[in-house]
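Student: When the letters of the sequence shown are read in order and numbered with the working numbering, they come out as residues 49 to 228.
From the three backbone atoms N, C-alpha and C, an ideal C-beta is built for every residue, glycine too.
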Amino acid sequence: MSRIALVTPADTNGERQQLLAQIDGAFGATPNMFKAVANSTAALKSMWGSFGALGGGVIGAKLGEQIAVAIADRNDCEYCLAAHTALGRKAGATAEEMSAAQAGRSDDPKTAAALRFATAVVNNRAQISDEEVTSLREVGFSDEEIVEILAHVALNLFTNYVNVAFKVPVDFPSVKLRAK
């Protein structure tokens, strides 16, 4: 059971209701995570705005979802692991690619470098080395893409923390966390 109320469009009005309607339109339903965040209009605007901005960024949806599952697994966020695995599949990733990404791995060298960087940022609380940034450039990432990878990490930390702290009920097909 959620530690915080799950707000539905029927429970609210004004800007919050409009945002929830946009989210419902994008997903075909309003995921519980957004219902939890809807307790704060500012937080909901921030989260939804970040999803929109990064969705239109230079990092493709597939890589964004692979980053998301790698971060979710490290933070023991069952909600985000389930949601982003489903979204990754919709973005064209295979089940095997999403499973590997959950472990921070990929057969594609560029994706592998992005996942190594993203997980290093999380594992080391952003205390990374020059070599970790250089390794991204060596596989072809621009500074714009590198900053965007970090933005994906930051957004996923926010969503992971919301779901874990508030025990938001998972409303996507369940995916098992890796044994640690």
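#1: Report buried or exposed for residue 49, applying the criterion of at least 16 other Cβ atoms within 10 angstroms of its Cβ.
#2: Jot down the residue ranges of each uninterrupted alpha helix (DSSP H) in the stretch 150-205, minimum 4 residues, whole runs only, in chain order.
#3: Does DSSP put residue 82 in a helix, in a strand, or in coil?
#4: For residue 169, count neighbouring C-beta atoms within 10 Å of its own C-beta (all shown protein chains included) and say buried if the count is 16 or more, exposed if not.
#5: Taking the runs of the beta strand (DSSP E) that are 3 residues or longer, which of them lie wholly in the stretch 82-143?
#6: Does DSSP put residue 219 in a helix, in a strand, or in coil?
#7: Please report how far the alpha carbon of residue 54 lies from the alpha carbon of residue 64, in whole angstroms.
#8: For residue 69 and residue 57, what's the separation of their Cα atoms in angstroms?
#9: Would you kindly work out how many angstroms separate the C-alpha atoms of residue 72 and residue 82, rounded to a whole number?
#10: Helix, strand or coil for residue 61 per DSSP?
#11: Under 8 Å between the Cβ atoms of residue 137 and residue 143?
#12: Taking residue 123 and residue 212 to be in contact with their CB atoms under 8 Å, please state how far apart those CB atoms are, rounded to whole angstroms.
Tutor: The answer reads as follows:
#1: Counting the other CB atoms within 10 Å of its CB gives residue 49 a total below 16, which places it among the exposed residues.
#2: 157-171, 178-186, all fully within the stretch 150-205.
#3: Helix at residue 82.
#4: Looking at its Cβ environment, which holds 16 or more other Cβ atoms inside 10 Å, residue 169 is buried.
#5: The qualifying runs do not exist here; there are none.
#6: Residue 219: coil per DSSP, three-state reduction.
#7: Distance between the alpha carbons of residue 54 and residue 64: 13 Å.
#8: Within the model, the alpha-carbon separation for residue 69 versus residue 57 is close to 7 Å.
#9: Roughly 10 Å between the two C-alpha positions.
#10: In this structure, residue 61 counts as coil in the three-state DSSP scheme.
#11: Going by C-beta atoms, residue 137 is nearer than 8 Å to residue 143.
#12: Between the beta-carbon of residue 123 and that of residue 212 there is about 6 Å, and that keeps the pair under the 8 Å contact cut.
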